[in-house]
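**Q** To start, I am sharing the structure in question, which I have written as structure tokens.
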Amino acid sequence: MRYLLPLVVVSLTFSACLEDERNEPAALAVAPFTAEELAVLNQELTLGNVTFEREVALPDHIAINTAGQSTLAMDPADLTKALLGRVLFYDTQLSATGETSCATCHKQELAFGDDLAFSKGINGGHTKRNSIALASVPSFATEVSGYGETSTDGNSFTEGSVAFFWDERAATIKEQSTLTIQDRVEMGRDLNELADDLKRQEMYRILSRKAFGSENLTGDRITLALEKFCATISSMDSPFDDLMDAAFGFVGAPPLEAFSEDELHGQQLFNDNCSSCHGTNLTQPFVAIANNGLDRISADAGVGEHRGSAFDGVFKVPFLRNVALTAPYMHDGRFATLREVVDHYSEGIQDHGNLHFNLRENFNGAPRKMNFTEADKQALIAFLELTTDRSVLVDASLSDPFRR
Numbered sequence: 055m056r057y058l059l060p061l062v063v064v065s066l067t068f069s070a071c072l073e074d075e076r077n078e079p080a081a082l083a084v085a086p087f088t089a090e091e092l093a094v095l096n097q098e099l100t101l102g103n104v105t106f107e108r109e110v111a112l113p114d115h116i117a118i119n120t121a122g123q124s125t126l127a128m129d130p131a132d133l134t135k136a137l138l139g140r141v142l143f144y145d146t147q148l149s150a151t152g153e154t155s156c157a158t159c160h161k162q163e164l165a166f167g168d169d170l171a172f173s174k175g176i177n178g179g180h181t182k183r184n185s186i187a188l189a190s191v192p193s194f195a196t197e198v199s200g201y202g203e204t205s206t207d208g209n210s211f212t213e214g215s216v217a218f219f220w221d222e223r224a225a226t227i228k229e230q231s232t233l234t235i236q237d238r239v240e241m242g243r244d245l246n247e248l249a250d251d252l253k254r255q256e257m258y259r260i261l262s263r264k265a266f267g268s269e270n271l272t273g274d275r276i277t278l279a280l281e282k283f284c285a286t287i288s289s290m291d292s293p294f295d296d297l298m299d300a301a302f303g304f305v306g307a308p309p310l311e312a313f314s315e316d317e318l319h320g321q322q323l324f325n326d327n328c329s330s331c332h333g334t335n336l337t338q339p340f341v342a343i344a345n346n347g348l349d350r351i352s353a354d355a356g357v358g359e360h361r362g363s364a365f366d367g368v369f370k371v372p373f374l375r376n377v378a379l380t381a382p383y384m385h386d387g388r389f390a391t392l393r394e395v396v397d398h399y400s401e402g403i404q405d406h407g408n409l410h411f412n413l414r415e416n417f418n419g420a421p422r423k424m425n426f427t428e429a430d431k432q433a434l435i436a437f438l439e440l441t442t443d444r445s446v447l448v449d450a451s452l453s454d455p456f457r458r
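If you count the sequence shown from 1, you need to add 54 to reach my numbering.
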């Protein structure tokens with residue numbers, strides 16, 4: 055039996071600029087580095103052929119929700135900042151002891167996630183929660199329509215501005231970067247002192263001049279550059295996207311027969327049981343934060359730490375693109391495999407006081423038991439494995455630029 059995905063239209067607003075028909079002035083080209091500048095940069099970096107142009111092809115099932123535009127193009131001026139951000143992302147000077155960089159917890163080969171339940175910090179410390187993978191969404195954008203607003207139904211936000219961290223305490227990627235760099239366990243750096251150190255280095259003076267027209271690299275500019283780099287991380291080139299395009303019948307899409315019975319059955323199971331929170335096209339969750347019944351009583355208050363007891367045990371609903379690469383799972387990394395995650399939703403949901411209503415039975419309010427069969431569980435995992443992106447793991451423009 056074959057399964058088709060129903061059409062769900064989701065409106066997206068990307069931090070990068072979508073080309074459209076609004077007669078806006080074209081982005082100005084950015085001059086390349088001079089030979090002298092490249093000679094300095096190449097002493098420490100391997101940047102390859104640097105061009106300030108980046109255009110990402112959108113799968114047809116996403117393009118139908120972006121006024122029919124087939125590409126996501128970034129402003130060249132943003133790309134100059136993203137290049138600086140890329141160098142900063144991999145630089146251990148961002149930590150007080152020189153032990154960690156952003157890439158310590160966000161590894162490209164793991165979709166910019168970590169394979170540890172709690173990531174390594176400085177001075178032998180470890181993070182409080184599992185590191186969220188950055189390459190989980192089509193654009194790690196600062197705003198995605200339909201995700202995280204100020205009004206609430208009690209334990210979930212439904213639309214508005216994106217928020218970051220498991221407890222959503224940061225409103226933007228920039229704020230997230232600031233809090234991470236300054237965190238005494240993760241990096242322990244004072245941003246002003248960091249900026250003073252970096253702008254003494256000719257490499258950073260050159261990159262800052264290209265990005266901001268000034269060698270005055272400040273803490274604010276450091277975190278803005280990191281934000282622009284993160285916004286270039288895109289995951290929209292996966293077999294899942296091929297399946298979505300096939301389900302819609304787009305020209306050039308592979309036939310549905312190219313997918314296994316398990317993959318197609320897994321898609322239907324996902325749509326029936328998981329999409330009410332995670333969404334169907336995996337560009338954004340339909341529910342931004344929720345308690346998913348990991349425990350009856352939460353050891354970690356999550357969002358409740360800064361929004362009160364009504365949110366105790368409530369956490370960000372993660373994006374699921376590249377999920378097969380991002381183990382261990384949940385905010386505390388308690389599940390080592392996707393099978394353990396599926397088992398939890400099948401028969402392990404606990405009756406927490408803030409358990410999201412999507413995970414309660416309609417007739418008596420008890421925690422849902424999805425009661426997947428062994429075949430169902432294998433099918434769900436086969437479907438989730440389709441979300442692994444083919445490009446982001448090997449994209450040289452996102453890789454470590456340092457000569458090591």
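Even glycine gets a Cβ: it sits at the ideal position worked out from N, Cα and C.
In whole angstroms, what is the alpha-carbon distance linking Asn408 and Thr441?
**A** Computed Cα separation, rounded: 30 Å.
**Q** Quick check on DSSP: helix, strand or coil for Leu92?
**A** Leu92: helix per DSSP, three-state reduction.
**Q** With burial defined as no fewer than 16 other Cβ atoms inside 10 Å of the residue's Cβ, what is the status of Asn327: buried or exposed?
**A** It counts as buried.
**Q** Would you call Ile435 buried or exposed, if buried means 16 or more other Cβ atoms sit within 10 Å of its Cβ?
**A** So Ile435 ends up on the buried side.
**Q** Using only CA atoms, which one of Leu92, Phe437, Arg458 lies nearest to Ile17?
**A** No answer is possible for residue 17: the residues shown for the chain start at 55 and end at 458.
**Q** From the DSSP secondary-structure annotation, give me the bridge partner or partners of Ala111.
**A** According to DSSP, Ala111 bridges with Thr125.
**Q** Runs of 3 residues minimum, wholly inside the region 396 to 434: which ones carry the beta strand (DSSP E) assignment?
**A** None, since the region 396 to 434 contains no complete beta strand (DSSP E) of that length.
**Q** With DSSP collapsed to three states, give me the class of Gly333.
**A** Three-state result, Gly333: coil.
**Q** Alpha carbon to alpha carbon, how far is Phe340 from Val368? Give it in angstroms, no decimals.
**A** Roughly 15 Å separates the two Cα atoms.
**Q** On the three-state DSSP scale, how would you describe Ala273?
**A** Note on residue identity: the sequence assigns Gly, not Ala, to residue 273. Of the three classes helix, strand and coil, the one that applies to Gly273 here is helix, per DSSP.
**Q** Report yes if the C-beta distance between Val110 and Ser262 is below 8 Å; otherwise report no.
**A** Not closer than 8 Å, so no.
**Q** Work out the CA separation of Ala285 and Gln255 for me, nearest whole Å.
**A** Using only the alpha carbons, I get a separation of about 26 Å.
**Q** Can you list, in chain order, the residues of its chain with a C-beta nearer than 7 Å to that of Gln432? Leave out the 5 residues immediately preceding and following it.
**A** The answer, listed in chain order, is Asp316.
**Q** Can you check whether the CB of Val446 is closer than 8 Å to the CB of Ala189?
**A** Yes; because the gap between Cβ atoms is below 8 Å, this pair is in contact.
**Q** The alpha helix (DSSP H) spanning His180 covers which residue range?
**A** His180 -> no alpha helix (DSSP H), and no H or E assigned at all.
**Q** Are the beta-carbon atoms belonging to Val94 and Met241 less than 8 Å from one another?
**A** It is not a contact, given that the beta carbons lie outside the stated cut-off.
**Q** Check Val357 in the structure and name its three-state DSSP category.
**A** DSSP places Val357 in coil when its eight states are reduced to three.
**Q** Mapping DSSP to helix, strand and coil, what is Ala117?
**A** If DSSP states are grouped into helix, strand and coil, Ala117 belongs with the helices.
**Q** If you check the beta carbons only, do Lys228 and Leu310 fall under 8 Å apart?
**A** No. Outside cutoff.
**Q** Can you tell me which of Ser453, Leu280, Arg243 puts its alpha carbon nearest to the alpha carbon of Gly460?
**A** This structure gives no information on residue 460, because the portion of the chain shown stretches from 55 to 458.
**Q** So, at 7 Å on beta carbons, what are the nonlocal neighbours of Thr100 in its own chain, with the 5 sequence-adjacent residues on each side left out?
**A** Excluding residues within five positions, the ones whose Cβ falls inside 7 Å are Pro455, Arg457.
**Q** May I have the straight-line CA-CA distance separating Ala83 from Ser453, to the nearest angstrom?
**A** Their Cα atoms are separated by approximately 24 Å.
**Q** To the nearest whole angstrom, what separates the beta carbons of Pro421 and Ile403, a pair I think is in contact under 8 Å?
**A** That belief holds up - the Cβ atoms of Pro421 and Ile403 are roughly 4 Å apart, short of 8 Å.
**Q** Taking all protein chains shown into account, do 16 or more other C-beta atoms lie within 10 angstroms of the C-beta of Thr427, making it buried, or fewer, making it exposed?
**A** Label assigned to Thr427: exposed.
**Q** State the DSSP-derived secondary structure class of Val377, mapped to helix, strand or coil.
**A** Reduced to three states, the DSSP call for Val377 is helix.
**Q** Would you grab the beta carbon distance between Arg393 and Leu336 for me? Rounded to a whole angstrom, and I think it's under 8 Å.
**A** Contact doesn't hold; Cβ gap of about 20 Å is too wide.
**Q** Can you tell me whether DSSP reads Asn345 as helix, strand or coil?
**A** Looking at Asn345 - three-state DSSP - the assignment turns out to be strand.
**Q** Just to confirm, are Asp354 and His398 a CB contact at a threshold of 8 Å?
**A** No, these two residues do not count as a Cβ contact at 8 Å.
**Q** Give me whichever residues DSSP pairs with Phe87 in a beta bridge.
**A** DSSP lists no partner for Phe87.
**Q** What's the C-alpha gap between Ile351 and Ile116?
**A** If I take the Cα positions, the gap works out to 39 Å.
**Q** Would Gln322 pass as a contact of Leu252 if the rule is Cβ separation under 8 Å?
**A** No, Cβ-Cβ distance for Gln322 and Leu252 is not below 8 Å.
**Q** Beta carbon of Asp221, beta carbon of His360: below 8 Å?
**A** Cβ atoms of Asp221 and His360: closer than 8 Å.
**Q** Cutting at 8 Å between CB atoms, please list the residues of its own chain near Ala249, excluding the five before and the five after it.
**A** Correct list, in chain order: Leu271, Thr272, Gly273, Arg275, Ile276.
**Q** Provide the residue(s) that pair with Val239 in DSSP beta bridges, ordered along the chain.
**A** DSSP output for Val239 lists no bridge partner at all.
**Q** Are the beta-carbon atoms belonging to Phe365 and Val371 less than 8 Å from one another?
**A** Taking 8 Å as the Cβ cut-off, Phe365 and Val371 do not qualify as a contacting pair.
**Q** Taking the straight line between their C-alpha atoms, what separation do you get for Arg388 and Met298?
**A** Going by the C-alpha atoms only, they are around 31 Å apart.
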